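Chains A and B, in that order, are what the protein sequence lines are.
If you're matching positions, the first sequence starts at 1 in full-length UniProt numbering and goes up one per residue.
If you're matching positions, the second sequence starts at 1 in full-length UniProt numbering and goes up one per residue.
Heads up, the beta-carbon is just placed ideally off N, CA and C, and yes, glycines get one too.
This structure is a prediction, so every number in the text was calculated from the model and none was measured.
Protein chains: 2
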Amino acid sequence: MNRRYLDLYEDIKNSIVEGNYRPGEKLPSENEFCRMYGTSRGTVRKALDLLAEEGLIHSLHGKGVFVLEHNLITFSFGGIVSFKEAAETSGLKFTTSVSKFEEVMIDEALSARTNLPPGKAAYKIFRVRKLDGERVILDINFFLKDVAAGLSKEIAEQSIYEYIEGELQLKIGFAKRIIHVEPATSADKAHLDLKGYNLVAVVKNFVHLHDGTPFEYTESRHRPDRFEFTNFARRR
Amino acid sequence: MNRRYLDLYEDIKNSIVEGNYRPGEKLPSENEFCRMYGTSRGTVRKALDLLAEEGLIHSLHGKGVFVLEHNLITFSFGGIVSFKEAAETSGLKFTTSVSKFEEVMIDEALSARTNLPPGKAAYKIFRVRKLDGERVILDINFFLKDVAAGLSKEIAEQSIYEYIEGELQLKIGFAKRIIHVEPATSADKAHLDLKGYNLVAVVKNFVHLHDGTPFEYTESRHRPDRFEFTNFARRR
DNA sequence: CGCGATTTGTACGTATGTATG
DNA sequence: ACATACATACGTACAAATCGC
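In structure tokens:
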């Protein structure tokens, strides 16, 4: 497969992140990009579309394409990003400890909660994310055992996504997220330094493979004062 | 301007919303759409891209394009949507009351909070959203007076966006959002039925016109138990 | 003021690659 | 092996907004 537009996208994105193109500046015109990369204008525009979707650039008819204000932390959360990736691009230094790794059967109740098919086995994982010595995030994962076969506690301590995409060569497709604020559970109280808070911010992730099959459900439970979620939207 | 891809997008979207194409079903192929609408494949693909971005459909190489599970509430929040639009598509019956409408000067402190330029005048509006007789959302808006000239309390009771886009013919471009959980302020306590909660879920909106100029800052302050934010993401 | 040059937006057409059945 | 369907890439043309002369 070719996918030159992805190379172009990453190239331009890197230039923006590194500050070669700065917020407020005008990018080279589409036709200049065509010359620079030896591609067609359609390919250039496809790369620019991706950047616009992420909120890094904005095109003005007749004027040009401009770099928007951005904070690196912000736009890393635009798509589906593993915790490791997000931590790296944000620059924050988290440490992770796996406090539970077990196999469970998905019964009706669990299926209703996770959207995973009942009757199947799943890995159930608790991971605590510590920042500045405080336990501020509890990640609760369920991965279908069929799909994520061979997951281990050791892998969970590193990056599960690297394993799934790298080793198993699975293709992750899309995810639906719901954010809620919920009462802290006994698990939250046991695993987090809640400092008296009795609510947690919860990001529920329903993740599907590229072929559409659901394979992961994750709840990210945040101490409310350390929670932040960013988002970019365009009006049509 | 032509924008046939937008017509196509809305047509197909309506068909999905109305249930003519149901979740799990396969859509007509791209070439069929070409015949149906008498357009080129590029135009069809552009319409499908928009639907895929919203999480309504998913394409499988060699197989076809399929409708995803969706709840109408969910995808209405994908882009920039006025409260009125969101309420309508969600089917929930909110009532709005304007409890404050005044003009303020943007000083340094307010500029830091809103990202609006210091030294300018702005409309400051409090609107309380009531659901099932309970005051659950407090919207705090700041609109640049320069831009949104002529705003009134009466307009705020209806739809500010209809006024801005309809009457003033302004084009809204994009918005950055940040979601936080914050301690309830005295304003929250005064305007909401907090039922003992001492935290609120806050969605901060930094809205820009199409030409990039910031013109609106809005804080949507939700009672935590009635807060929900949905999101769709794809892995690249 | 108009005119032309530049730049992005839209639409169409064609060709080829790749996955599926 | 073949037809179908989506994915990528190139090319062309014209529309519409902007800017400088």
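Task: contact_flag[the segment 43–55 of chain A, the segment 1–15 of chain A] where n(CB pairs < 8 Å) is 3 or more - done: yes
Open item on the list: Just to confirm, is the Cβ distance from A/T96 to A/E157 under 8 Å?
Closed with: yes
Task: Length-filtered (3 minimum) beta strand (DSSP E) runs lying within the UniProt domain "HTH gntR-type" (2–70) of chain A - done: 57–60 and 64–67
- [ ] Answer with yes or no whether the minimum CB distance from A/I172 to chain B is below 8 Å.
- [x] yes
Task: Proximity of A/F83 and A/D139 at Cβ, strictly below 8 Å - done: yes
- [ ] With DSSP as the reference, please indicate the residues paired to A/V202 in a beta bridge.
- [x] A/H180 and A/R221
Open item on the list: Taking the beta carbon of A/T218 as the centre, do at least 16 other beta carbons fall within 10 Å, making it buried, or is it exposed?
Closed with: buried
- [ ] Note down, in chain order, each residue of its chain lying with its Cβ closer than 6 Å to the Cβ of residue 237 of chain B, except the 5 sequence neighbours on either side.
- [x] Nothing about residue 237 of chain B can be read from this structure; chain B reaches only from 1 to 236.
TODO: Using only the heavy atoms of the ligand GDP, determine whether one of them is closer than 7 Å to the beta carbon of B/L6.
DONE: What this structure holds is no ligand at all, so the ligand GDP is not there to describe.
Open item on the list: Measuring only the C-alpha atoms, how far is B/E165 from B/K176?
Closed with: 19 Å
- [ ] Express the C-alpha separation of B/V98 and A/D193 in angstroms, rounding to a whole number.
- [x] 40 Å
Task: DSSP-derived helix/strand/coil call for A/A112 - done: helix
TODO: Could you tell me which chain B residues have their CB closer than 8 Å to the CB of A/K93, listed as they occur along the chain?
DONE: In chain order: nothing, as chain B lies at least about 21 Å away.
- [ ] Would you check if the distance between the CB atom of B/P23 and the CB atom of B/L51 is smaller than 8 Å?
- [x] no
- [ ] List the residues that DSSP assigns as beta-bridge partners of B/P214.
- [x] B/H208
TODO: Could you check what DSSP says for A/E228 in three-state terms: helix, strand or coil?
DONE: coil
Task: Cβ neighbour criterion (16 or more within 10 Å) applied to A/N141 - done: buried
Open item on the list: Give me, in chain order, the residues of the same chain whose beta-carbon lies closer than 6 Å to that of B/R4; leave out the 5 immediate sequence neighbours on both sides.
Closed with: T39 and T43
Task: Minimum Cβ-Cβ distance from A/V65 to chain B less than 8 Å - done: no
Task: Own chain partners of B/F227 with C-beta closer than 7 Å, once the 5 adjacent residues on each side are dropped - done: A201
- [ ] Taking B/K195 as the query, report the chain A residues whose CB atoms sit under 7 Å from its CB, ordered along the chain.
- [x] Within 7 Å Cβ-Cβ: nothing; B/K195 doesn't reach chain A, min ~13 Å.
Open item on the list: Taking DSSP's pairing of strands, which residues face B/I125 in a bridge?
Closed with: B/F101 and B/N141
TODO: Mind checking the segment 210–222 of chain A against chain B and listing, in chain order, the residues whose C-beta falls within less than 7 Å of any C-beta there?
DONE: D211 and G212
Task: Nearest-angstrom Cα separation, counted from A/H70 out to B/A109 - done: 21 Å
Open item on the list: Against chain B, does A/L8 count as a neighbour if the rule is that its beta carbon must be under 8 Å from one of theirs?
Closed with: no
Task: A/A175 in three-state terms, based on DSSP - done: strand
- [ ] Starting from A/P224, find everything on chain B with Cβ-Cβ shorter than 7 Å and list it in chain order.
- [x] V181 and L199
TODO: Decide if A/V104 is buried, meaning its Cβ has at least 16 other Cβ atoms within 10 Å, or exposed.
DONE: exposed
Task: DSSP state of B/A86 mapped onto helix, strand, coil - done: helix
Task: Cutoff 7 Å; reference B/L92; Cβ partners in own chain excluding five residues on either side - done: L131
Task: Extent of the continuous alpha helix (DSSP H) run through A/H187 - done: Position check: residue 187 of chain A holds Ala in this sequence, whereas His was assumed. S186 to H191 is the span of the alpha helix (DSSP H), which, as asked, contains A/A187.
- [ ] Could you check what DSSP says for B/R234 in three-state terms: helix, strand or coil?
- [x] strand
- [ ] Run the CB neighbour count on A/S186, radius 10 Å, all protein chains shown included, and call it buried at 16 or more, exposed below.
- [x] exposed
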